[in-house]
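Enquirer: Below is a structure I'd like to ask you about.
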Amino acid sequence: MTLKALIFDVDGTLADTEREGHRLAFNRAFAEARLDWEWDVGLYGELLAVTGGKERMRHYVERYRPDYRKPADYDALVVRLHAAKTRHYTDLLGRGGIPLRPGVRRLLEEARHAGIRLAIATTTTPDNVSALLRYAISADAESWFEVIGAGDVVADKKPAPDIYHHVLESLKLAPAQCMAFEDSENGLRSARAAELQTVITVNDYTRRHDFHGAAIVLDHLGEPDQAFQILSGPPVNGTRILNLALIRQLLSSP
Ligand code: XBP
Ligand code: MG
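First residue of the sequence shown: 5, per the working numbering; consecutive thereafter.
Structure follows, in structure tokens:
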């Protein structure tokens, strides 16, 4: 089927936002609330198994802090902490903290010129997506994306397929007309459960995840002066960057 749209995950895929972005913002929110919770780089890698910031905080309390005595307004506290974390995270992006990964801008621009539609499917909060697009791409970058599926718009976050179903329904496209882009096992499971072919670009937190079922697994999307490396996938002739021609080739292979 003809390629009509590219659907991007955000965290870890468009930019390396987790380690020096979300993690720091969580820690700032905890310190501000005078909680003795601190997520170091290693622990945060384990916590990433749970998608969504509110869900991740609850998981931390259940799994790692049996000593913590939940206040009567614990549910409200989680919501407040998460709002504070979003404030810290968007501040951090506003200070130019986090750049796009290699090849992301190049591919987005190629797609726009070719009339291929763009969409986002992420578990993160809509404000975070707006801030990343604005500060890492351009002031008008939100308008590049026809659909931005984010956060609590669906009940079940990745690895459930709900966010991809939501985006496909909004685009009015079949999965075979689209390519998804992800960086993690939870993301891949979500996209595959929605029957989407998926390109994976790994990062330090996800390198050892199980990417069985991906169309191709790369270190990054590649730039003309920075070839990608194929970590697993079919042989690719010629190109060393992930461009529309290669996406079409991947989409049509069994
Ligand atoms: C990203 C996430 C998000 C962010 C935090 O997963 O898990 O939860 O870490 O975002 P994916 P919020 O890349 O698979 O979408 O705190 O805004 O929920
Ligand atoms: Mg991700």
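Ideal placement from N, C-alpha and C gives every residue a C-beta, glycine not left out.
Treat the numbers as computed from the prediction; the structure is a model and nothing was measured.
1) On the DSSP letters alone, give me the boundaries of the alpha helix (DSSP H) that R60 sits inside.
2) Which residues share a DSSP beta bridge with E269?
3) Taking 7 Å as the cut-off, is the CB of G155 close to at least one heavy atom of the ligand MG?
4) Look up I102 in the DSSP assignment and give the residues it is bridged to.
5) Considering only C-alpha positions, which residue in the set I102, G100, R105 and L39 is nearest to P75?
6) Would you say the beta carbon of H170 comes nearer than 7 Å to a heavy atom of the ligand XBP?
7) Given 8 Å as the limit, is there contact between the segment 199-211 and the segment 177-191, that is, 3 or more CB pairs closer than that?
8) Using CA atoms only, rank isn't needed, just tell me which of G217, Y64, H216 and A80 is closest to G49.
9) If distances are taken between C-alpha atoms only, which option among K58, V133 and P239 comes closest to A159?
10) Using alpha carbons as the reference points, say which of G25, A125 and L225 lies closest to R109.
11) Flag G191 as yes when its Cβ comes closer than 7 Å to any non-hydrogen atom of the ligand NAP, and as no otherwise.
12) Tell me whether E186, by its Cβ, gets closer than 7 Å to a heavy atom of the ligand MG.
13) What's the call for P179, buried or exposed, on a 16-neighbour Cβ count within 10 Å?
14) According to the Cβ coordinates, are P238 and S257 closer than 8 Å?
15) Pick helix, strand or coil for F12, following the three-state DSSP scheme.
16) Whose CA, out of E173, L104, P228 and G98, lies closest to the CA of T17?
17) Tell me which residue opens and which closes the beta strand (DSSP E) that A159 is part of.
18) Out of L172, V14, Y78 and L255, which one is the CA nearest neighbour of S134?
19) Consult DSSP for Q253 and reduce its assignment to one of helix, strand or coil.
Expert: Based on what the coordinates show:
1) G57 to Y68
2) Outside the shown range of the chain, which is 5 to 258, sits residue 269, and nothing can be said about it.
3) Within the chosen limit of 7 Å, the ligand MG does not reach the beta carbon of G155 with any heavy atom.
4) Answer is none; I102 lacks a bridge partner.
5) L39
6) no
7) Yes, since at least three Cβ pairs between the segment 199-211 and the segment 177-191 fall closer than 8 Å, the two stretches touch.
8) Y64
9) K58
10) L225
11) Because the ligand NAP does not appear in the structure shown, any question about it cannot be addressed here, the ligands present being the ligand XBP and the ligand MG.
12) yes
13) buried
14) yes
15) strand
16) Closest option to T17, Cα to Cα, is L104.
17) First-last for A159: undefined, no H or E at that position.
18) V14
19) It is helical.
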